[in-house]
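Chemist:
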Amino acid sequence: MPTRARIIAISLLLLSSIFVYAQAPQPNGAGVKSGVLPAAWRVSGPQCPAKPEFQIHEYNEDFFILRESGCSNYEKPFLYLLFGKEKVLMLDTGAGKTDVAEVVKGVIDRWLVKNKRESIPLIVAHTHAHRDHTSGDDDLKQLANTTVIAPNPAAVQAFFGFKNWPEDIVSYDLGGRVLDVIAIPGHEASSIAIYDRQTSVLFTGDTLYPGRLYVADGQAFVRSVQRLVEFTRGKIVTHILGNHIEQTRTPYLDYPIRTVHQPDEHSLELSRGQLLELLEALQGMNGKIVRMAMRDFTIWPD
Ligand SMILES: [Zn+2]
Ligand SMILES: [Zn+2]
């Protein structure tokens with residue numbers, strides 16, 4: 012290679028290595044559509060009402076977070092609604108018997124009025140197949156213009172177009188809003204993570220959240236966490252949002268299983284830092300997953 016060409020090639024290589032690690036340019040927040048999370052979520056109990064209600068939180072005009080009441084089910088899962096121009100995606104349908112379909116219809120109807128629209132198709136997906144994330148499926152199937160993806164690996168792969176599960180990372184467009192879908196089996200065989208390019212939020216289901224991370228398949232789990240670390244490298248991650256809170260605000264301390272009343276619970280949101288901590292802890296276990304309390308979560312062989 013002539014010297015000049017070589018210098019150009021090396022310069023390009025150096026530049027690209029800088030851009031790989033580029034973070035938010037200032038001052039526009041990197042073009043990320045921003046939003047707000049509550050300082051604390053509504054506390055369930057100790058006295059429960061006859062009809063427990065979901066807490067509906069508007070992160071921004073196109074992203075809503077529903078939190079199921081601990082009085083409906085102690086799992087108190089979070090459910091997510093992401094609006095694109097052509098479709099709205101719902102992630103998880105909750106635990107036990109609730110009025111989830113009615114609540115979701117209410118959110119969608121208000122969005123339609125605000126956006127002067129007649130209708131929008133609803134796609135219901137799941138972070139994984141456990142019952143505390145899928146119990147509202149039958150209710151949601153009753154809604155018009157709604158597709159509920161069956162919570163099993165074959166259906167998830169077919170819907171999103173995975174050819175090489177779990178290595179593929181596929182994208183799904185809601186209309187001007189592209190999501191990346193990352194297979195993360197290990198907690199459960201059909202587990203997926205979703206990265207929303209619009210808000211730079213990463214949804215991790217029960218694989219990473221402030222609570223007990225139950226590991227069913229250790230090998231797959233470690234590879235999945237590794238995949239998340241690699242996927243997010245050099246990307247903006249505003250929040251990592253899982254689907255439960257079991258941790259207290261006191262480092263290393265979690266609430267006992269089945270706790271309804273959690274007046275001092277940890278924030279829902281985690282950051283990429285905790286993802287790196289999780290990977291480091293798992294790698295330190297050398298293939299044998301053991302129970303380990305960390306500052307913001309606990310690793311828990313299932
Ligand atoms: Zn689960
Ligand atoms: Zn769960």
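Heads up: the sequence shown runs through residues 12 to 313, numbered per our numbering. Note that CB positions come from ideal geometry on N, CA and C, so glycine has one too.
Given a cut-off of 8 Å on the beta-carbon distance, is the pair H272 and T259 in contact?
Modeler: No, they are not a contact pair.
Chemist: So, does the stretch 110-130 touch the stretch 164-175, judging by three or more C-beta pairs under 8 Å?
Modeler: These segments do not touch.
Chemist: May I ask which residues mark the beginning and end of the beta strand (DSSP E) holding W122?
Modeler: Taken as a continuous stretch (DSSP letters only), W122 belongs to no beta strand (DSSP E), being part of the alpha helix (DSSP H) at V111 to K125.
Chemist: How should K62 be labelled, buried or exposed, when 16 other C-beta atoms within 10 angstroms of its C-beta is the threshold for buried?
Modeler: Result: exposed.
Chemist: Could you check whether the Cβ of H141 sits closer than 7 Å to any heavy atom belonging to ligand 2?
Modeler: Yes.
Chemist: What first and last residue would you give for the alpha helix (DSSP H) that runs through A166?
Modeler: P164 to F171 is the extent of the alpha helix (DSSP H) around A166.
Chemist: Taking all protein chains shown into account, do 16 or more other C-beta atoms lie within 10 angstroms of the C-beta of K87, making it buried, or fewer, making it exposed?
Modeler: With 16 or more Cβ atoms within 10 Å of its Cβ, K87 is classed as buried.
Chemist: Could you tell me whether the Cβ atoms of V167 and L213 are closer together than 8 Å?
Modeler: Cβ distance not < 8 Å, so V167 and L213 don't count as in contact.
Chemist: Please determine, among G216, G186 and P164, the residue with the shortest C-alpha to C-alpha distance to A200.
Modeler: A200 has its Cα closest to that of P164, out of G216, G186 and P164.
Chemist: Could you check which residue in K44, P49 and G81 has the C-alpha nearest to that of Q58?
Modeler: Taking only the C-alpha atoms, the option nearest Q58 is G81.
Chemist: Is N297 near ligand 2 - that is, is its Cβ less than 7 Å away from at least one heavy atom of it?
Modeler: It does not: the Cβ of N297 is nowhere closer than 7 Å to a heavy atom of ligand 2.
Chemist: Can you determine whether any heavy atom of ligand 1 sits closer than 7 Å to the C-beta of H198, and answer yes or no?
Modeler: Yes; taking the cut-off as 7 Å, the Cβ of H198 has a heavy atom of ligand 1 nearer than that.
Chemist: For ligand 1, any of its heavy atoms closer than 7 Å to the Cβ of D217?
Modeler: Because some heavy atom of ligand 1 lies under 7 Å away, the Cβ of D217 counts as near it: yes.
Chemist: Do L219 and L286 have their C-beta atoms within less than 8 Å of each other?
Modeler: Contact flag set, yes.
Chemist: I'd like the list of long-range same chain contacts for S28, defined as Cβ closer than 6 Å, with 5 residues on each side in sequence excluded.
Modeler: A caution first: S28 carries a pLDDT of 49, below 50, which makes its placement in the model unreliable, though a value can still be read off. Correct list: empty, nothing qualifies.
Chemist: Check each candidate in S202, N39, L90 and D73 and name the one with the smallest Cα separation from I256.
Modeler: The shortest C-alpha separation from I256 is found at L90.
Chemist: Quick check: is any heavy atom of ligand 2 less than 7 Å from the C-beta of N163?
Modeler: No, Cβ of N163 sits at least 7 Å from all heavy atoms of ligand 2.
Chemist: With distances taken between CB atoms, is the gap from L293 to V233 smaller than 8 Å?
Modeler: A contact, by the Cβ cut-off of 8 Å.
Chemist: Give the range of the alpha helix (DSSP H) segment to which Q66 is assigned.
Modeler: Element bounds for Q66: not the alpha helix (DSSP H) but the beta strand (DSSP E), Q66 to N71.
Chemist: Compare the C-alpha of A140 against each of V47, E241, L102 and L48 and name the closest.
Modeler: Checking every option, the nearest Cα to that of A140 belongs to L102.
Chemist: Provide the residue span of the alpha helix (DSSP H) that contains L219, from first to last.
Modeler: Element bounds for L219: n/a, residue is neither H nor E.
Chemist: Leaving out five residues before and five after T158 in sequence, what residues of the same chain have Cβ atoms less than 8 Å from its Cβ?
Modeler: Correct list, in chain order: P132, L133, I134 and V135.
Chemist: Is any heavy atom in ligand 2 found nearer than 7 Å to the beta carbon of H255?
Modeler: Yes, the Cβ of H255 comes within 7 Å of a heavy atom of ligand 2.
Chemist: Helix, strand or coil: which one does DSSP assign to I29?
Modeler: In this predicted model, I29 has a pLDDT of only 46, less than 50, meaning its place in the structure is not dependable enough to derive any value.
Chemist: Return yes when the C-beta of H144 is under 7 Å from any heavy atom of ligand 2, and no when it is not.
Modeler: Indeed, a heavy atom of ligand 2 lies less than 7 Å from the Cβ.
Chemist: Could you tell me whether the Cβ atoms of D73 and L100 are closer together than 8 Å?
Modeler: Their beta carbons are not under 8 Å apart, which means D73 does not touch L100 by this criterion.
Chemist: In the stretch 174-251, which residue ranges form an unbroken beta strand (DSSP E) of at least 3 residues, counting only runs that do not cross its ends?
Modeler: Within the stretch 174-251, the complete beta strand (DSSP E) runs of at least 3 residues are 180-184, 189-194, 203-207, 212-216 and 223-226.
Chemist: Please classify T104: does DSSP put it in a helix, a strand, or coil?
Modeler: T104: coil per DSSP, three-state reduction.
Chemist: Please tell me whether T104 and T145 are closer than 8 Å, where the distance is taken between their beta carbons.
Modeler: The answer is yes: Cβ separation under 8 Å.
Chemist: Over what stretch of residues does the beta strand (DSSP E) that includes T157 continue unbroken?
Modeler: Element bounds for T157: T157 to V159.
Chemist: DSSP three-state label for Q258, please.
Modeler: Strand, per DSSP.
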